[in-house]
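> Residue numbering for the sequence shown follows my numbering, beginning at 13 and increasing consecutively. Just so it is clear, CB atoms sit at the ideal spot from N, CA and C, and this is done for glycine as well. Handing you this structure, nothing more for now.
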Amino acid sequence: MLRSIAKIGECVRVKEELPIKGVKEGLLAKIIFDIDNGLLDCDPYITCDEERAKEFLWIGNARGQDRQVRLTTDNPKYLLDYKKKHKWGIGCVIEYIDDANLHGDEDVEKVYRLLMEVKEKFFTANEDLVLRLEKVCREKGVDIRKITLYTMSVKAHGVLVDVAKERGYRKVLSYALSYGKTLKYPTGYGKCYVCGREGEVLSNPDYPKGTILGMYVIDKVGFLSGMSRSTESMIRTHSICIECKKNLEAGVNFVNTNLSNRIGDITVWIIPTIISEQLSLELLNHIADICQKTFERAKTRLGLTSIEEMEKELDRFLKLRGFPYAVNLVFGQPRQSQFLYHGALQDVPIMKFIEIGKVSEKLAEIMSQYLVIDWTIGLDRIYNIFPLRKIKGEVKPKPFIQLMETILTGSYYPREQIIKAALSLAKIHRFKNYAGYNIREDGRKDSDLKLSEDILLYNLLHKFLIELGVWTMEGYKGLPVLNGVSKDIVDFCREQGYSEHQVGLFLLGVLVGKIGREQYKKGDKKKAILDKIDFDGMSSEKIKWLFNIVLEGLRNYRILEFNEAIYANAKLLIDKNIEKLINPLDNTFYVLSGYAYATLKSVAGGEA
Numbered sequence: 013m014l015r016s017i018a019k020i021g022e023c024v025r026v027k028e029e030l031p032i033k034g035v036k037e038g039l040l041a042k043i044i045f046d047i048d049n050g051l052l053d054c055d056p057y058i059t060c061d062e063e064r065a066k067e068f069l070w071i072g073n074a075r076g077q078d079r080q081v082r083l084t085t086d087n088p089k090y091l092l093d094y095k096k097k098h099k100w101g102i103g104c105v106i107e108y109i110d111d112a113n114l115h116g117d118e119d120v121e122k123v124y125r126l127l128m129e130v131k132e133k134f135f136t137a138n139e140d141l142v143l144r145l146e147k148v149c150r151e152k153g154v155d156i157r158k159i160t161l162y163t164m165s166v167k168a169h170g171v172l173v174d175v176a177k178e179r180g181y182r183k184v185l186s187y188a189l190s191y192g193k194t195l196k197y198p199t200g201y202g203k204c205y206v207c208g209r210e211g212e213v214l215s216n217p218d219y220p221k222g223t224i225l226g227m228y229v230i231d232k233v234g235f236l237s238g239m240s241r242s243t244e245s246m247i248r249t250h251s252i253c254i255e256c257k258k259n260l261e262a263g264v265n266f267v268n269t270n271l272s273n274r275i276g277d278i279t280v281w282i283i284p285t286i287i288s289e290q291l292s293l294e295l296l297n298h299i300a301d302i303c304q305k306t307f308e309r310a311k312t313r314l315g316l317t318s319i320e321e322m323e324k325e326l327d328r329f330l331k332l333r334g335f336p337y338a339v340n341l342v343f344g345q346p347r348q349s350q351f352l353y354h355g356a357l358q359d360v361p362i363m364k365f366i367e368i369g370k371v372s373e374k375l376a377e378i379m380s381q382y383l384v385i386d387w388t389i390g391l392d393r394i395y396n397i398f399p400l401r402k403i404k405g406e407v408k409p410k411p412f413i414q415l416m417e418t419i420l421t422g423s424y425y426p427r428e429q430i431i432k433a434a435l436s437l438a439k440i441h442r443f444k445n446y447a448g449y450n451i452r453e454d455g456r457k458d459s460d461l462k463l464s465e466d467i468l469l470y471n472l473l474h475k476f477l478i479e480l481g482v483w484t485m486e487g488y489k490g491l492p493v494l495n496g497v498s499k500d501i502v503d504f505c506r507e508q509g510y511s512e513h514q515v516g517l518f519l520l521g522v523l524v525g526k527i528g529r530e531q532y533k534k535g536d537k538k539k540a541i542l543d544k545i546d547f548d549g550m551s552s553e554k555i556k557w558l559f560n561i562v563l564e565g566l567r568n569y570r571i572l573e574f575n576e577a578i579y580a581n582a583k584l585l586i587d588k589n590i591e592k593l594i595n596p597l598d599n600t601f602y603v604l605s606g607y608a609y610a611t612l613k614s615v616a617g618g619e620a
C-alpha cells in the first residue's frame, strides 16, 4: 500500500513539488506588515481557490506539537500571536532556519532578514495583533469569517513582498517536509522500505500526523526493534529515503483530497493498487474518478441503468495499461495530532463495488412488490442499521469493518452475528436507547415504524449476503399449502426462502402485529403485546406460551374469526417442527419479522 501511495505522489510531484492541500471557497487575505510605516494592513479581497492555494503554498498547518513552519494558514493567530510559541509561524520559520543552518542559501537568507525585521518591528510590544487585523477587516467591509486562508506580505522600502512566493520560503518548506525530525533524529545507511534502494535513509520519517501515514509510527519505544531509540534500531524498524518521503507526503495529500469517502461516521480511504511504472497525471485522475464513482455505487441505490453504464465505463478503463484492478480500503479517523486506525481491507476488486450495486438494485426491485418502503441495502444503509457501541461519544466500528470484509472479500461471517445485530437494533428502537449507539432516532417516524422497517431490512440483508455468495440457502424445500393465508404473505415467505418453522414463527408475528394494531387504535401507543416478546431470544417453550397469549388477544379484540386461518397454519407448522426451534435468537427474529410485515402493511393500507 505504501508503494502505491508513493507512486501516486511521484506522479503528482511531476507537476507540483509541494503537497498542496485542498481549500474551502472564500477569501484569501494578505496580512501586510508595513515596515516603512510600522502599520499592520490587510488585503482581504482575493478570491481563494485551488490556484491561490498553490500560489501561496498552502500545505496545511503543522499537526500536534510539531512546529508551525508555515507562513500560509487558515488561522490568523498562527501568524499574529507570538504567544502561540511553537505554533507562531513567523517565529518557527526563523528558528528552523537557525536550527537547520540554512543561512548559506541567499534565497533563504533574504526571507530570514524579512522575518527578523517583522519580528523586531511588530512583536516587541504586548499587543493583540489579531484584534488589530479584525479592526482593519471591518474598516474594509469584510467579514473575517469569510476568509479561509491568510498569508503574510512585507512592505519595505516601498516594495511589497509576498513571502510565500519567495524561492527561499519554498526551499525552507521543502527542507522541513523532507527532513522533519532529522534535526533530532539523524540519517543513516539502510534500505528504503518503499523503493528498496540502499543508501541514505531517514531514521525517523516523521510522517504527517493525522494522516493515514500515521499508521507507521515509530517514535514510541514499544514499536522499535530491540526496544531502543538508537539510529540503527530505528532504521531496522522502518526506514525510507528522502525522495520516497516526499512522494508519500504528496501521495497521501492526493488521496486525502481525491480518494477519501465515508460510510456513516467512518472515514474510508480508497487506495488503488498501482503497479504500472508509467503513471500519468491524466490516468491518475481517471483512476481516482472511477474509484469514487464505483464506491458510491456500492454505498447507495442509484438505479440499474446508472450501474450498467458505470460497469461499461469501468470495463473500458480496466483494459488500459496501468489501470488498477483492485484497491485497498483504510478505515480510520484523522485527528490533529494522531491517526486512529480502525482497520484495512487489502486487494478489493473494483468490480466488486459494481456487483454490490447490482445486487442491491435487484433486491430492492423485488422487495418493492410487497411493501413500498426504501429497500436500499448499500453499504451506507447497512451502517445505519448495524448497531455499534459508542464509548465516550466515539463509535467503535470494528464489528462493522468485519462485516465489510465479508461483503467485499467473501470471507466467512457468522449468521448468528447478523441476527444478534437485528435484535439489538429492535431493542434500541423499542426502548429508545439511541444514546449509546451509532443508531440515530428518526424524528420523522415513530420508533415502532423504524423497528418494523429495519427488521425487514435485516431480512433483505440476509438475502443480500446469499446473493453475494457469503451464505447459502440451506435445505429450502419450498412452502406447504397455507390455506386461508393471503397470497402476499405466502409470496413474501417464499421470496425469503423461509423453512417451515420460520414461516410458522413469521405467521405468529403477523398475528402479534394485528393485535398491536388493535391496541394502537384503542390508545395503547406502545402496544403492550410487544412486551410479551423477549428481544434477547425466546425458547420453544416461550413460543408455545406466546401462542396462548396471541390466541387470547385475538379473542379479546374480537378479531379471531378474521385470523383463524393464519393462527391454524402457524400452530400446525410450529407443532410439526417444534424440535427445530433450538435457537432462541432466530425464534425472536422471525416473530419480529412477521410483526414488522403486518405493521407496515397496515400503515400502507394493505391488510396483511
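Nearest to residue 249 by alpha carbon, out of 362, 220, 216?
Residue 249 has its Cα closest to that of 216, out of 362, 220, 216.
> According to DSSP, what are the bridge partners of residue 274?
DSSP lists 279 as partners of residue 274.
> Pairing CB atoms from the stretch 574-589 with CB atoms from the stretch 444-457, are three or more of them under 8 Å?
Because the criterion of three Cβ pairs below 8 Å is not met, the stretch 574-589 and the stretch 444-457 do not touch.
> In terms of residue numbering, what span does the beta strand (DSSP E) encompassing residue 174 cover?
Where residue 174 is concerned, the enclosing beta strand (DSSP E) stretches over 171-174.
> Relative to the C-alpha of residue 221, which residue among 592, 41, 498, 75 is closest?
Measuring from the Cα of residue 221, the nearest candidate turns out to be 75.
> According to DSSP, is residue 200 part of a helix, a strand, or is it coil?
Reduced to three states, the DSSP call for residue 200 is strand.
> Classify residue 423: buried if its beta carbon has 16 or more other beta carbons within 10 angstroms, exposed otherwise.
Per the 10 Å Cβ criterion, exposed.
> Return the CA-CA distance between residue 252 and residue 213, expressed in angstroms with no decimal places.
Approximately 5 Å between the Cα atoms of the pair.
> Identify whether residue 134 lies in helix, strand or coil by the three-state DSSP scheme.
Of the three classes helix, strand and coil, the one that applies to residue 134 here is helix, per DSSP.
> Nearest CA to the CA of residue 153: which residue from 55, 426, 482?
Closest option to residue 153, Cα to Cα, is 55.
> Taking all protein chains shown into account, decide if residue 372 is buried (16 or more other Cβ within 10 angstroms of its Cβ) or exposed.
So residue 372 counts as buried.
> From residue 380 to residue 583, what distance separates their C-alpha atoms?
C-alpha separation (whole angstroms): 29 Å.
> From what residue to what residue does the alpha helix (DSSP H) around residue 178 run?
Careful: residue 178 lies outside any alpha helix (DSSP H) and carries neither H nor E.
> Measure how close the beta-carbons of residue 344 and residue 352 come, nearest whole angstrom, since I'm counting them as under 8 Å.
At roughly 6 Å, the Cβ-Cβ gap stays under 8 Å, so residue 344 and residue 352 are in contact.
> My assumption, with CB atoms under 8 Å, is that residue 362 sits in contact with residue 337. Please give the rounded CB distance.
Their Cβ separation, rounded to whole angstroms, is 6 Å, which keeps residue 362 and residue 337 in contact under 8 Å.
> With 16 as the cutoff for other CB atoms within 10 Å, does residue 34 come out buried or exposed?
It is exposed - the Cβ of residue 34 has fewer than 16 other Cβ atoms within 10 Å.
> Need the endpoints of the beta strand (DSSP E) that residue 162 sits in, please.
159-168 is the span of the beta strand (DSSP E), which, as asked, contains residue 162.
> Give every residue of the same chain whose Cβ lies closer than 8 Å to the Cβ of residue 18, excluding the five residues on either side of it in the sequence, and list them in chain order.
Closer than 8 Å at Cβ, skipping near neighbours: 206, 207, 256, 259, 260, 263.
> Pairs of beta-carbons, one from the stretch 62-75 and one from the stretch 286-294, closer than 8 Å: are there three or more?
Touching, no.
> Residue 6 by DSSP, collapsed to three states: which one?
In this structure the chain extends from 13 to 620, so residue 6 is not present and cannot be described.
> Would the stretch 548-558 count as touching the stretch 504-511 if we require 3 or more Cβ pairs under 8 Å?
Result no; under three Cβ-Cβ pairs closer than 8 Å.
> With DSSP as the reference, please indicate the residues paired to residue 351 in a beta bridge.
Answer is 346, bridged to residue 351.
> Roughly how far, in whole angstroms, is the beta-carbon of residue 501 from the beta-carbon of residue 473, given that I think they are within contact range, below 8 Å?
Not confirmed; about 21 Å, so no contact.
> Just the C-alpha distance for residue 311 and residue 323, rounded to the nearest angstrom, thanks.
Taking the straight line from one Cα to the other gives about 15 Å.
> Pull up the CB-CB distance for residue 397 and residue 470, whole angstroms please, since I reckon it's below 8 Å.
Indeed they touch by this definition, with Cβ atoms about 7 Å apart.
> Within its chain, find whatever has a CB closer than 6 Å to the CB of residue 436; leave out the 5 residues flanking it on each side and keep chain order.
The residues are 399.
> In three-state terms, what does DSSP make of residue 152?
Of the three classes helix, strand and coil, the one that applies to residue 152 here is coil, per DSSP.
> In three-state terms, what does DSSP make of residue 45?
DSSP places residue 45 in strand when its eight states are reduced to three.
> From which residue to which residue does the alpha helix (DSSP H) around residue 411 run?
Its alpha helix (DSSP H) spans residues 410-421.
> Taking Cβ positions, are residue 482 and residue 418 nearer each other than 8 Å?
Yes, these two residues count as a Cβ contact at 8 Å.
> Tell me whether the stretch 175-188 and the stretch 102-112 touch, counting them as touching only if at least three CB pairs, one residue from each stretch, are closer than 8 Å.
Segments in contact, yes.
> Put residue 16 into one of helix, strand or coil per three-state DSSP.
Note: residue 16 maps to helix in three-state DSSP.
> Would you list the residues sitting across from residue 532 in a DSSP beta bridge?
Bridge partners of residue 532: none, in fact.
> Where does the unbroken alpha helix (DSSP H) through residue 104 begin, and where does it stop?
Note, residue 104: alpha helix (DSSP H), 101-111.
> Using a Cβ-Cβ cut-off of 7 Å (strictly less than) and excluding sequence neighbours within five positions of residue 146, which residues of its own chain qualify?
If we look at residue 146 and ignore the five residues flanking it on each side, its Cβ neighbours are 156.
> Whole angstroms are fine: how far does the CA of residue 404 sit from the CA of residue 492?
Cα-Cα distance, rounded: 51 Å.
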